[in-house]
Structure formats: C-alpha cells, structure tokens
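So the protein sequences, as listed, match chains L and B. This note's numbering applies: residue 1 is where the first sequence begins, and numbers increase by one. This note's numbering applies: residue 1001 is where the second sequence begins, and numbers increase by one.
2 protein chains.
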Amino acid sequence: MKKHNFSAGPSILPQPVIEQSAQGVLNINNSNLSLIEISHRSKDFVDIMDNATSLALELLNLKNKGYKALFLQGGASMQFLMTAYNLLENKAGYINTGAWSSKALKEAKNFGDAIEVASSKDANFNYIPKNYEVDSNLDYLHITTNNTIFGTQFHDIPDVETNLICDMSSDIFSRQIDFSKFSLIYAGAQKNMGPAGTTLVVVKESILGKVSRTIPSMLDYKTHIDKDSMFNTPPVFAVYTSMLTLEWLKENGGISNIEKKNIEKANLLYDAIDNNELFNGFARKEDRSLMNVTFNLKNQEHKNNFDKLCLEANINGVNGHRSVGGYRASIYNALSIDSIKVLIEVMNELKRTI
Amino acid sequence: MKKHNFSAGPSILPQPVIEQSAQGVLNINNSNLSLIEISHRSKDFVDIMDNATSLALELLNLKNKGYKALFLQGGASMQFLMTAYNLLENKAGYINTGAWSSKALKEAKNFGDAIEVASSKDANFNYIPKNYEVDSNLDYLHITTNNTIFGTQFHDIPDVETNLICDMSSDIFSRQIDFSKFSLIYAGAQKNMGPAGTTLVVVKESILGKVSRTIPSMLDYKTHIDKDSMFNTPPVFAVYTSMLTLEWLKENGGISNIEKKNIEKANLLYDAIDNNELFNGFARKEDRSLMNVTFNLKNQEHKNNFDKLCLEANINGVNGHRSVGGYRASIYNALSIDSIKVLIEVMNELKRTI
C-alpha cells in the first residue's frame, strides 16, 4: 500500500508517471533497449528532450514569446551562481525570504554588487516582505516565489522596471501566474516536475550577452540555447520523467485545473490547523504557501502521540525543517485530497484522545 | 530480445542492474515509496550515497589514501572548468588526444595559462603522443586516458612530478592501473558506471585550497567534500544505479577480473579487423583502446550491405563519430563476448557475400 507522502523534496510524483518511468528503464518505446542505454543523440531521446522543453513553455504560456526552455544539471544551487555569472554587471537586488534566497544572494556576491532589497529575517522568515523600493538601475531583482522551509509564498508578483529573476523550484506548475513578468525562471525538478537531477531554466533570450566577463561554456546559458540543451550528455532519466509529469499535467487540465485542486487541498488543511486548538500555523496567514504547510504543536507533550498516529496512518515526511521545527506537510500537485483528509483525521484524532 | 548494444554512451549496463534500477523506481527497499519520491536525507538514500562512494574508492584501491569520492552533476564538461577553477594558479599542461581534451584545454584557458604539452592532432588523433617533456612547475598535467571518438588509450600512464589530473570517463573501472598516480580523476557515469546524470570525482584532498581566487560554492570541491556529496539534492536515480553497477562489478571479481574479459573481447575484435581485408583499423595498433574499437571499410561500396547485415543481426550503435567516419564498436564492461562474436560473424559474412 502506497504511503501518504508529504515529503518536501524529492517528493511525490503521479503514480502513472512512476510506472511509465520504470517501464522506460526496462524498455523505451518498445525498442528492446533501456532508456538509460541509448545514445542521447538517438531519435528516441531527441524527441523526449524536444517534447519536454516544448511542454514546459506551453504549460507556462510562454510559447513564441522570446523564451527558451532548458534542462540543465546542478539544481537551483547551480543557478544561484549561473544567474549572476550571466546577468550581474553592476548591481543586482535580492528579496531575502529564507535559506534559499540567502544562498542565492551569497553566491551572487562572488560576481559583483548584490544587495538585499528587503528581508523577513526579523521574524524567522514567516512572512513575505512588502512595500520595498526597487532601484530601476538594478541588473535584475531576484525573488524566491515559494519558500519550502518556512511555508510562505509570494501571492503578488512584484512589478519592477528591471529584469525579474526567480527561483520557482517549489511552486512551478502549481498555480496560474503571468509568467511573462519574469525574464528568467529556474526550478529544480524534484517538487512538481520530476526526479532530482535536472533543473528547468526558462529564459528570455534578449536579456543575455550583456555582461563583459567571459563565461565558461557550461555556465553560459547561450551555450545551452545554441545546442537545445544537448551541449553535453543531458540527465536522460530525469528529463524523461519530467516529460512524463508535464504530459500528465497537460492531460489533467494544465495549471489552471491543478491550481483549483491545490487551493482546495491547502484550504482544507489550513482550516484544520486553525480550528484545532492543539496546533499553530507558522507562516502569516496572508503569505501562506499552497505547497508547504508549516505548523507546530502548541504543547510539545503531544509530540510522541502525534508522531505515532501519523506512523499508524501511513503518513510519510511531515517533520518540519530544523530551522522551523514542528511539522511541514508538502502538498504538491501529485498529492491527492485523500492524503490531506487522512492527515486532518489524525490531527482530529489527537484532539479526541487527550 | 535484447539488442547487441555497441553504443558509445549512454551505453550498455548490466541487465540485472537495469532490472533492479527499474524496481527501485517502483518501490525502494520495500518501503512502498519510489526511490525518486523519498528525501535525499532519508536513511534509505544516505545509505545509497555512502555505499556508492565507498565502493568507488574500494574498487580503485584508493581507500585510506587521502582521497575522497564525490558524485556531482554536469558531466565531464563541468569538470573541465571545475578542475581549472580549483587548481590552476600559474600554469597547467594538457595532452591533447582529441575532441574532449581539446575542450578541457579550452575551458582551462578561462582561468589562467593553460598550455598544450603534446598533441596528436597532426594525424587526426589516431595515436597517443609520447616522449614529451613535462615542466615540473606546472600546477597539474591533464590527460584523457581513453579517447572515445578516436579509439585510442594511454597504455602507460605518464610519470610526472606535478599533479596528474585525468578525464577517465570512458575507461574507469575497466582495467587495472595504479590509480594513486592521479591527484584527481573524473568520469561521467554513462559508460562503465551508470546512467547519464552524475559524474564521479575522486580527489586527493591535500591538493585543494591552494589557489588564490574565490570559488563559488557549487564549483568548489571542498564544499562537496565537507557535505559528503550532499551539499544540495544529488541526482538520486543516477547515483543509485551507479551504486548497483559498482556492486555488480565487485560481485563479479572487481576490476582485475573485468580487465581480463575486456582484453579477451578487444583482442577477438581487433584480430577480426586485422584478418579481414575489407576493413582497416583507425587507431595505431600500439595505442588501441580496449573500450572503443574504431574501424573503416576500405571500400565504401560495401557500406549499405554491411549496415543491413548489422541491422539484421540486431546490432545497435556501431556508427562511427562524424569526425572519424566508419564504424565504432564500444565494448564496455557490460557487453558480453557473445555480442562481440555476433559482430565478427557479420564482418565475416560480408566477406563471404562479395
């Protein structure tokens, strides 16, 4: 019996995707060869890469708008430095909403003047900063749309006169946004898109080639654009499984449909937290994430009991990150509403038993 | 029926590994969770990473000798720049034995004075340069032990007074070498180790920390050493499948045993080429690779006929690289001697039919 998988990432993927992915490892397209044994220059794999990049742009409604989709390696952590390497000439601004945006800012400082435009560190990142000013002379403003650890999310995307750059690792493909507000979006695959091992980069081509430094080939977005993400051997399995997940999303009504389900799931769970006197939500209500629901027991005496009930209910991965403590339920696209209901039932059961 | 898979990379893997790998995608360690859905901080995955790095050092006979094994992302192409970023302070030397070492040299030039110590470009890289002098003041000498495209291989590893750095992507784990001659070895997984998507780096810790430049976190070997290859989310599937392949290699007698089989396979095939008046070997005999056997038809009239016979015999992936033309049979660890015999039979059949 499958578990109710609330893992923060790598995290739950649609069960049909898991099964197709395993089948591809055994035998891809009835070729009598494994997906992982064929040349990345073979028609079988070139079609997979083309399909994956095309689906990414289509689902984000960015086709024919000057954007290119790339599947790279190294995770968001590699993008922290690549964005600055490719785009930071004079000065860049960062909104600091937690551990990941702090790291992005730190890496950018290797390449030039990178400043913190606003921060919510004063309250352990339990909110999204608002009412800050953005200098229009910045090379770019960098935000992290969803903060996996703290359970906060930008519900309003800032309007800025410079390039808006975004780490969307934990909420890409989960909700409708005007994605054309961004000049560059990057996202590690291992939340809503696929397995760990590839990173989607969606970049507006016109913003590139403006910095004066020399960029090593592998770190230069232009290299990968010129070679359609095939400058060197791509992470074949991760791209294939991401393609399957994007196909699943399209077949299930795309982002607008999954967003409705995500809102329904999040509302159910947040209501259960707010209506249960044993628990506190961690993030400020107006900035709560639709993807990562962070909450704490008011009284730690109940911890062992709650953990035991979760285990008995076949619930996996609800421990909070060490910097927040408590609990975190990650409720990504592939998580069913049934899993949400099981978790809520356990929270209510705890209340009944004390 | 499985094909006889001579693909240059991604390439054949042991069939039991393919099957275990697919099973892990469905359900890892009977946890009722997929390998690609669990946290990389879970015990299941931490054990996989520990086992993979430990097996790599054990098989290379580098345990307790000051080396660390890392599973990184980005392929050998990322290592072209990382080696220079971390190690090039004044001057580095490169032996140019083909397309890949040329690229390594090109990327190093972004970081300092990188020189070509010797080259076989004068004969389209069909041999390994010998009798060159290596300045002992170099920060390092870089070689490519096996040249996948041209089918050449270093049979004698140079004795040098500086750090020896090596791209071993296409012959690691295939033959006995005194691996402690190298200060750093890197290898993309997708030949003898696993699927595309991870790169093994084996580095002597004492050579690091000697350059004066600042290195971004993700490009700094020390970052990954300090975090046991878990600075950020690793490419979970590629590491798992590499671990399975290394286990398979150990269970089958390790490198010394596979080397015997590889020599037997290569000798059979090279003898067949040399004894068939329709074909020419491409590489000089003394520098022939045990992994990539390059050969050409003397008369292109027979090409269609030979290609047809290969297809009928269920042979995959023997087309040569465009820069050499002709044919290339990649005969990595997992390829059986039976596949070699089928290819030889097809070559003999061609001779009989004309």
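Think of the CB as a built atom: it goes at the ideal place given N, C-alpha and C, for glycine as much as any other residue. Note that this is a predicted model, so its numbers are computed, not measured.
Within the same chain, and ignoring the five residues on either side of Trp100 (chain L) in sequence, the residues whose Cβ sits closer than 8 Å to its Cβ are Ala76, Thr144, Asn147, Thr148, Ile149, Asp167 and Ser169. Residue range Tyr1327 to Ser1330 is occupied by the beta strand (DSSP E) that includes Ser1330 (chain B).
Residue state for Arg1322 (chain B) is assigned as coil, using DSSP reduced to three classes. For Asn61 (chain L), there is no enclosing beta strand (DSSP E), as DSSP marks it with neither H nor E. Shown in chain order are the members of the segment 1216 to 1235 of chain B whose Cβ falls below 9 Å from a Cβ of chain L: Pro1216, Ser1217, Met1218, Leu1219, Phe1231, Asn1232, Thr1233, Pro1234 and Pro1235. Leu1268 (chain B) carries a helical assignment under DSSP once its states are collapsed to helix, strand and coil. 8 Å or more divides the Cβ of Ala238 (chain L) from the Cβ of Gly188 (chain L). Lys1091 (chain B) sits in a strand when the DSSP states are folded into three classes. Only residues of its own chain outside the window of five on either side were considered, and among them Trp1248 and Ala1334 have a CB closer than 6 Å to the CB of Pro1014 (chain B), listed in chain order. Distance from the Cα of Ser1119 (chain B) is smallest, within the candidate group B:Glu1133, B:Asn1292, B:Leu1035 and B:Glu1107, for B:Glu1133.
Under the DSSP assignment, Val1346 (chain B) falls in the alpha helix (DSSP H) whose first and last residues are Ile1337 to Thr1353.
For Phe306 (chain L), no beta strand (DSSP E) run applies; the uninterrupted alpha helix (DSSP H) run containing it begins and ends at Lys303 to Glu312, by DSSP. For Lys260 (chain L), the secondary structure class from DSSP, reduced to helix, strand or coil, is helix. Leaving aside the five residues that flank Val117 (chain L) on each side, the residues in its chain whose CB is nearer than 7 Å to its CB run, in chain order, Gly93, Tyr94, Ile95, Tyr132, Val134 and Leu141. The alpha helix (DSSP H) runs lying completely inside the segment 1003 to 1053 of chain B and spanning 4 residues or more are 1015 to 1026, given in chain order.
Between Pro158 (chain L) and His40 (chain L), the C-beta spacing is not below 8 Å. By the rule that beta-carbons nearer than 8 Å mark a contact, Ser1007 (chain B) touches chain L. With a cutoff of 8 Å on beta-carbon distance, Gln73 (chain L) and Tyr186 (chain L) are scored as not near each other.
Contacts between Pro1010 (chain B) and chain L, judged by CB atoms closer than 8 Å, involve Ile36, Glu37, Ile38, Ser39, His40, Thr233 and Val236 in chain order.
Residue contact with chain B for Glu89 (chain L): absent (no Cβ-Cβ distance below 8 Å to any residue of chain B). Nearest in C-alpha terms to Met1082 (chain B), of all of B:Thr1245, B:Asn1110, B:Lys1068 and B:Met1347, is B:Asn1110. The segment 189 to 256 of chain L contains, as complete alpha helix (DSSP H) runs of 4+ residues, the segments 221 to 226 and 236 to 251 (chain order).
When CB distances to chain L are screened at a threshold of 7 Å, the residues of the segment 1094 to 1118 of chain B falling below it are Glu1107 and Asn1110, in chain order.
For Ala104 (chain L), the enclosing alpha helix (DSSP H) stretches over residues Ala99 to Ala108.
Counting along the chain, the unbroken beta strand (DSSP E) around Leu1297 (chain B) starts and ends at Asn1292 to Leu1297. Contact between the segment 1340 to 1347 of chain B and the segment 1312 to 1331 of chain B is present: 3 or more CB-CB pairs across the two stretches fall below 8 Å. Rounded to whole angstroms, the separation of the alpha carbons of Val1017 (chain B) and Asp122 (chain L) is 50 Å.
Within a 10 Å sphere around the beta-carbon of Asp1178 (chain B) sit fewer than 16 other beta-carbons, which makes this residue exposed. Residue nearest to Phe1282 (chain B) within the set B:Arg1213, B:Thr1152 and B:Arg1175 is B:Thr1152 (criterion: CA-CA distance).
The beta carbon of Ser1054 (chain B) sits no closer than 8 Å to any beta carbon of chain L. According to DSSP, residue pairing for Asn1146 (chain B) in a beta bridge involves B:Gln1153. Leaving aside the five residues that flank Asn1029 (chain B) on each side, the residues in its chain whose CB is nearer than 8 Å to its CB run, in chain order, Asp1044. Leu1055 (chain B) and Met1243 (chain B) do touch by the CB rule: their CB atoms are close to 7 Å apart, below 8 Å.
DSSP places Glu133 (chain L) in the coil class of the three-state scheme, outside both helix and strand. Interface residue (Cβ-Cβ distance to chain B less than 8 Å): Gln300 (chain L) is not classified as such. If you check each beta-carbon in the segment 1131 to 1152 of chain B against every beta-carbon of chain L, none falls closer than 9 Å.
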